[in-house]
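Numbering (our numbering), first residue to last: 2 to 299.
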């Protein structure tokens with residue numbers, strides 16, 4: 002079993018009192034570790050496999066990600082893998098944020114006007130892609146300011162970091178908008194009564210773990226046939242559509258009730274709480290507990 006280790010900010014900063022550091026690296030394989038600060042990493046070349054919170058993904062040029070306090074990640078199979086690492090404390094953005102160790106909390110404080118647009122979709126611990134190079138340009142400018150340390154460099158650093166955060170949030174909001182449009186379009190594309198009946202059946206009986214099988218038994222259809230028809234008419238698999246319904250109901254209960262998370266999972270048709278937590282985190286970007294906490298501050 003790998004032992005987690007912490008790479009502190011001061012290990013790459015130029016002095017022990019720095020609240021930020023940004024440097025380019027030729028990254029080699031490294032075992033699971035975390036940081037005592039936030040990390041913004043941007044891949045400038047090569048490829049690697051990153052394992053972040055137990056999820057492994059191949060990353061390459063133009064990908065970037067923001068890693069939260071206490072989140073473990075590692076790099077394996079690094080091939081000419083270069084990146085810009087930007088480590089920073091919350092107070093570099095605002096002095097009142099000193100001691101904050103949650104990226105979502107940081108955003109709620111410094112970008113409250115925008116936070117509700119992506120509620121439940123925190124940018125932390127997710128991989129984004131810099132399609133137009135704007136994020137890289139901002140990071141290069143931050144790196145230059147850090148190296149030269151001319152008067153006011155920290156304020157320039159702060160402004161460019163905020164710009165990166167806003168650009169990233171735009172991606173999150175766009176993804177959410179696309180998902181909502183996909184759901185609406187899926188229903189509009191339905192042509193047959195049987196698929197409309199299935200959608201209504203799922204919306205009413207989503208709590209039942211065997212809802213798809215029950216529908217097929219009731220109407221004397223095979224599951225492969227119904228699944229194929231559903232995919233043809235909506236563009237989504239029946240299971241994907243069902244998961245969207247269930248997760249929406251979970252979000253409503255997390256935000257609007259004090260029910261235990263395990264009870265909410267069971268009410269939505271998830272008997273395995275571990276699977277539910279993993280699915281919710283993968284789809285929503287935060288854990289059920291983090292989602293509930295964020296909802297309570299709206």
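The beta carbon of each residue, even a glycine, is placed where N, CA and C say it ideally should be.
These numbers were taken from a predicted model, which means no experiment stands behind them.
- The C-alpha of residue 18 is placed about 12 Å away from the C-alpha of residue 89.
- For residue 87, the uninterrupted beta strand (DSSP E) segment begins and ends at 74-89.
- Restricting attention to 266, 42 and 291, the CA atom closest to the CA of residue 23 is found in 42.
- Annotation: residue 255 to residue 283 spans about 17 Å, alpha carbon to alpha carbon.
- Minimum Cα-Cα distance from residue 80 among the listed residues 134, 34, 191 and 49 corresponds to 49.
- The Cβ atoms of residue 60 and residue 128 lie closer than 8 Å to each other.
- In the three-state scheme derived from DSSP, where H, G and I count as helix and E and B as strand, residue 267 is classed as helix.
- The C-beta of residue 140 has 16 or more other C-beta atoms within 10 Å across all chains shown, which makes the residue buried.
- Taken in chain order, the complete alpha helix (DSSP H) segments of 4 or more residues contained in the stretch 213-272 are 224-235, 239-257 and 262-268.
- Under the three-state reduction of DSSP output, residue 93 falls in the helix class.
- Spanning the alpha carbons of residue 174 and residue 130 requires a straight line of approximately 14 Å.
- Residue 200 is bridged by DSSP to nothing; it lacks a bridge partner.
- A distance below 8 Å separates the beta carbons of residue 210 and residue 270.
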